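First up is the structure itself, then whatever we jot down about it.
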Amino acid sequence: MSRDTTSATDRRTYLRVAGATGLAAFAGCVSTTDDEEDAGGADDGGEESDAGGESGDEGDAASDDADESASAGPYQIGMVDSLTGSLSAFGERNQRGVELALGRVNEQGIDGRDLELIVEDSESENQGGIAAAQKLVNQDEVPFLIGAVGSGVSLAIYESVIQGTDVVQLSQNSTGLNLTDFPGLLRMSPSGRTQSLALANLIAEDGYDEVAITYVNNDYGQSLTDAFVDAWDGDVVYNTPHDQEQQSYSGIVSEMNDSGADAWLFIAYQAEFTTMVNEVYSSGYEAQFYGADSVSGDSVLANTPEGSMDGMKIVVPSAPVEEENYQTFAADFESEYGQEPTSWAAYAYDCVVNAALAIQAADEFTGAALTDTVRRVSAPEGETVTSFEAASDILAEGGGPDDVDYQGVSGPIDFDEAGDPVGFLQILEVQDHEYAGTGFIEG
Amino acid sequence: MTVLGYVANGLVFSSIIVLGSIGLSLVYSIADFANFAHGDTMTVGAYAALVTFGAVGGLGGAVLGLPYGFFLALLVGIAAGAVVAVATERLIYEPLTTDSIGLLITSIGVAFVYRAVIQIGFGADFTRFEIGALRPIEWLIPYGIRVTRHDVAIVASAVVLVSGLHVLLQYTDLGRKMRAMADNPTLARVSGIRTRRIRYWTWVIGAGLAAAGGVFLGLFNQLSPRMGFNLLLVIFAAVILGGIGSVYGAMLGGFLIGMINQLTPLLSRLGEVLPLVPDGFGIPIGIEYANAIAFVIMVAVLLARPTGIAGEEAV
Chain B
853 MSRDTTSATD
863 RRTYLRVAGA
873 TGLAAFAGCV
883 STTDDEEDAG
893 GADDGGEESD
903 AGGESGDEGD
913 AASDDADESA
923 SAGPYQIGMV
933 DSLTGSLSAF
943 GERNQRGVEL
953 ALGRVNEQGI
963 DGRDLELIVE
973 DSESENQGGI
983 AAAQKLVNQD
993 EVPFLIGAVG
1003 SGVSLAIYES
1013 VIQGTDVVQL
1023 SQNSTGLNLT
1033 DFPGLLRMSP
1043 SGRTQSLALA
1053 NLIAEDGYDE
1063 VAITYVNNDY
1073 GQSLTDAFVD
1083 AWDGDVVYNT
1093 PHDQEQQSYS
1103 GIVSEMNDSG
1113 ADAWLFIAYQ
1123 AEFTTMVNEV
1133 YSSGYEAQFY
1143 GADSVSGDSV
1153 LANTPEGSMD
1163 GMKIVVPSAP
1173 VEEENYQTFA
1183 ADFESEYGQE
1193 PTSWAAYAYD
1203 CVVNAALAIQ
1213 AADEFTGAAL
1223 TDTVRRVSAP
1233 EGETVTSFEA
1243 ASDILAEGGG
1253 PDDVDYQGVS
1263 GPIDFDEAGD
1273 PVGFLQILEV
1283 QDHEYAGTGF
1293 IEG
Chain R
974 MTVLGYVANG
984 LVFSSIIVLG
994 SIGLSLVYSI
1004 ADFANFAHGD
1014 TMTVGAYAAL
1024 VTFGAVGGLG
1034 GAVLGLPYGF
1044 FLALLVGIAA
1054 GAVVAVATER
1064 LIYEPLTTDS
1074 IGLLITSIGV
1084 AFVYRAVIQI
1094 GFGADFTRFE
1104 IGALRPIEWL
1114 IPYGIRVTRH
1124 DVAIVASAVV
1134 LVSGLHVLLQ
1144 YTDLGRKMRA
1154 MADNPTLARV
1164 SGIRTRRIRY
1174 WTWVIGAGLA
1184 AAGGVFLGLF
1194 NQLSPRMGFN
1204 LLLVIFAAVI
1214 LGGIGSVYGA
1224 MLGGFLIGMI
1234 NQLTPLLSRL
1244 GEVLPLVPDG
1254 FGIPIGIEYA
1264 NAIAFVIMVA
1274 VLLARPTGIA
1284 GEEAV
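Sequence order for the protein chains is B and R. Every letter in the first sequence is one number past the one before it in this note's numbering, and letter 107, counting from 1, is 959. Every letter in the second sequence is one number past the one before it in this note's numbering, and letter 71, counting from 1, is 1044.
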């Protein structure tokens, strides 16, 4: 009798603890509270970083003196990247671009000092991204933050860490549409709105008037899908989100098949899309696939059966591959890593170079000064240059931020008022289980 | 897709969850704590099988579309899961003089270690076994069932493993000792059972089944360092629904949760499926809420029966 009671109590305690732990871990309750605190504390953060900025001034002044002895410490900026999680393939590509860019910048140096990039992992999740950004902004006191990959993560970082401070945030890979609503949040990759328009035209040109859509259940998927539906004249017969990292999507693919549409549009991430393709294949369904940029990748090809996606068309933001500076970049990249660069590596490369030029053009190493110069060094005014060396030389000879117009390897950059760049898109088609470029669209 | 088709998909998915749930419940009943590293034990098994399969290759013939080498890899995966779990028990859980809550928190840490080691070794990206994907079985398609021979292999293997466990628990000396120990460890000990050895065996069986579940999950979907962890929440739901500590409850709970998860698309078209309900009637819930529905049902069952379906009634 007493034994039973004890064991019942144990079970109850267990349930309580397991429940609480589960809630905390999965629902992110703890983290939500954190967010609010951060949002509240952002002002304080701003003051702190102002203070940090002032001391940075002194440091700068000191470094001017110390320049002759050339012993000043490096300029430290931060980067939040998807090193793990569902966007880790992008993180890997970014890191290659970043390494190449850092090598370039530090070969030349910025006024005799090096550029140091502190990279933190976002785990491809909002919470991880916020924690990483907090560490960089509050602890390392960086005035310039490159981040993040996922649009939701970039926005979460901006809203809970950056907004209200004068730290500059430049996202390397986010294409979500709603980033356009935040002019303070810059990005190197073009907005997804151009992608949605291109997809709508492409599917219509191919003669389909019904489409079934599934999109990843976050800012990126939702905003691209909304823009697509706005631009699409035909019928949307199926439109359902899916969560990331589920173990099965057979429900989604069978419903897409039941919807009767012959054109299926996937606005998904690579891992989830791979699962879906395998499930479509092993269920024996047939359809013409279309996809946003996030579904393309070597790991998708490697992990799907031969012939399962042939004829699929994907619209991806692309670097101007015919330009000379891109070809130099591609050649360097290939000799370093033994493979062709992706646009995502090119965006990350340009983020670092643009940041380095902003630092060199600024009077002082503070967020306020960098906010001013980051747009101007790559804006259309000034002499057109295609490498860090050339731009850096102009600045070193006394040129101001308006005297250079850095043309990136990923495009002309030229941030508009909303912080979005001018973009290029490429249409890829899957042929013999390989991606083949079939044309370009201007952004 | 027809109702039969959804049921078939549910059966495949349930098989994997059942394999995971049994181990979790078994370890809870004998080692007396909720092992949060259980999901990552599945991952360990899957990656051990991936390495083995890569090394030995197909080995000639094939059963149900799966080469012999895969079954060897499955055995190695099971062994690897068991070895890792027993080593963790010896090195970490056993020397710790703490209560079940302390062990629970420790196991969360252990889970991170497993995952990090796999990530260091294999990277964060996903991968699949080098086994060509199959088309659905032709003669089942007219019935609306679209499963491959791999799916059949998953269900069959799960049935074999679960039956084996049933025989072990009911008809062998080890099984009797395990049941005795689950009921009352002190009494088991004074009556001469070597409880420490039984605990090791529990880990071997629980982790071995989890590892098998992990290998099948890799075959069914794909391998990634977070695969097991992502499934853990669902497995906990299954175990609690079935009655924590009860092996047969875990089987039932795993089966139910897997089925509910895969049958969700039917909710919006109940009218076509059920008799006596007008066509066109349906509960308009999208399948993105599949897990939420499974949890709502779990909560409803627990409200009616707080110890879970097969849990012992507290007196």
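In this text, a Cβ means the ideal position worked out from N, Cα and C, and glycines have one as well. Treat the numbers as computed from the prediction; the structure is a model and nothing was measured.
Hey, is residue i's beta-carbon within less than 8 Å of any beta-carbon in chain R?
i, result
"alanine 922 of chain B", "Here the model assigns alanine 922 of chain B a pLDDT of 44, short of 50, so the residue's position is not dependable, and the following value carries that caveat. Chain R, which has no Cβ nearer than 8 Å to the Cβ of alanine 922 of chain B, makes this no."
"proline 1193 of chain B", "no"
"glutamate 1097 of chain B", "yes"
"asparagine 1070 of chain B", "no"
"isoleucine 1065 of chain B", "no"
"glutamate 1107 of chain B", "yes"
"glycine 1218 of chain B", "The residue asked about is misnamed: residue 1218 of chain B is threonine in this sequence, not glycine. By this cut-off, threonine 1218 of chain B is not an interface position."
"serine 940 of chain B", "yes"
"threonine 1127 of chain B", "yes"
"serine 1075 of chain B", "no"
"asparagine 1130 of chain B", "yes"
"alanine 1123 of chain B", "yes"
So, under 8 Å CB-CB, residue i and residue j are touching, yes? Tell me the CB distance rounded to an integer number of Å.
i, j, result
"aspartate 1272 of chain B", "serine 1043 of chain B", "5 Å"
"leucine 1054 of chain B", "isoleucine 1119 of chain B", "The Cβ separation is near 14 Å, so there is no contact."
"glutamate 1192 of chain B", "alanine 1182 of chain B", "6 Å"
"isoleucine 1282 of chain R", "leucine 1214 of chain R", "6 Å"
"phenylalanine 1099 of chain R", "glutamine 1195 of chain R", "5 Å"
"valine 1256 of chain B", "isoleucine 1246 of chain B", "5 Å"
"valine 1105 of chain B", "valine 1088 of chain B", "About 17 Å; that fails the 8 Å criterion."
"leucine 997 of chain B", "valine 1226 of chain B", "Not a contact, Cβ separation roughly 11 Å."
"phenylalanine 1125 of chain B", "valine 1081 of chain B", "Actually they do not touch by this definition, with Cβ atoms about 20 Å apart."
If you count every other CB in all the chains shown that lies within 10 Å of the CB of residue i, and 16 or more means buried, which is it?
i, result
"valine 1272 of chain R", "exposed"
"glycine 993 of chain R", "buried"
"leucine 1109 of chain R", "The residue asked about is misnamed: residue 1109 of chain R is proline in this sequence, not leucine. Buried: at least 16 other Cβ atoms inside 10 Å."
"valine 985 of chain R", "buried"
"phenylalanine 1228 of chain R", "buried"
"tyrosine 1116 of chain R", "exposed"
"threonine 1323 of chain R", "The shown model of chain R, from 974 to 1288, leaves out residue 1323 of chain R, and the question about it has no answer."
"leucine 1182 of chain R", "buried"
Hey, does residue i have any beta-carbon neighbour from chain B nearer than 8 Å?
i, result
"methionine 974 of chain R", "yes"
"asparagine 1008 of chain R", "no"
"aspartate 1098 of chain R", "yes"
"leucine 1134 of chain R", "no"
"leucine 999 of chain R", "no"
"isoleucine 1114 of chain R", "yes"
Tell whether a beta-carbon distance below 8 Å holds between residue i and residue j.
i, j, result
"valine 1120 of chain R", "alanine 1263 of chain R", "no"
"asparagine 1203 of chain R", "glutamine 1099 of chain B", "yes"
"arginine 1122 of chain R", "glycine 1038 of chain R", "yes"
"valine 994 of chain B", "serine 934 of chain B", "no"
"alanine 1113 of chain B", "aspartate 1085 of chain B", "no"
"glutamine 1278 of chain B", "phenylalanine 1292 of chain B", "yes"
"valine 1057 of chain R", "tyrosine 1173 of chain R", "no"
"serine 1146 of chain B", "tyrosine 1121 of chain B", "yes"
"valine 1188 of chain R", "leucine 1047 of chain R", "yes"
"alanine 1115 of chain B", "glutamine 1096 of chain B", "no"
"alanine 1214 of chain B", "leucine 1222 of chain B", "yes"
Give me the chain R residues within the contact set of residue i, using Cβ-Cβ distance strictly less than 9 Å, ordered along the chain.
i, result
"glycine 937 of chain B", "Ala1097 and Arg1199"
"tyrosine 1178 of chain B", "The premise fails here: tyrosine 1178 of chain B is roughly 26 Å from chain R at the closest Cβ pair, so nothing lies under 9 Å."
Whose Cβ in chain R lies nearer than 7 Å to the Cβ of residue i?
i, result
"glutamate 951 of chain B", "Those within 7 Å of glutamate 951 of chain B in chain R number zero; the least Cβ separation is about 17 Å."
"histidine 1094 of chain B", "Glu1261"
"serine 1023 of chain B", "Chain R residues near serine 1023 of chain B: none, gap ~20 Å exceeds 7 Å."
"serine 1111 of chain B", "Neighbours of serine 1111 of chain B on chain R: none; closest Cβ ~12 Å, over 7 Å."
"tyrosine 1324 of chain B", "Past the boundaries of the shown model lies residue 1324 of chain B; chain B is included only from 853 to 1295, so the question cannot be answered."
Using a C-beta to C-beta distance shorter than 9 Å, which residues of chain B count as neighbours of residue i?
i, result
"glutamine 1143 of chain R", "Correct list: empty, because the minimum Cβ distance to chain B is about 22 Å."
Chain B partners of residue i, CB-CB under 7 Å?
i, result
"glycine 1105 of chain R", "Pro1157"
"leucine 1048 of chain R", "Near leucine 1048 of chain R there are no residues of chain B at all, since even the closest Cβ is about 23 Å away, more than 7 Å."
"leucine 1190 of chain R", "Gln1099"
"arginine 1119 of chain R", "Ser1135 and Gly1136"
Would you mind telling me which residues of chain R sit closer than 8 Å to residue i, beta carbon to beta carbon, in chain order?
i, result
"isoleucine 1104 of chain B", "Ile1260"
"serine 1151 of chain B", "Asp1098, Phe1099 and Thr1100"
For residue i, which residues in chain B fall below 8 Å Cβ to Cβ?
i, result
"arginine 1108 of chain R", "Tyr1133, Ser1134 and Gly1136"
"threonine 1237 of chain R", "Gly1103"
Checklist entry - If you measure beta-carbon to beta-carbon, which residues of the segment 1240-1274 of chain R are closer than 7 Å to chain C? => result In the structure shown, chain C does not exist; the protein chains are B and R.
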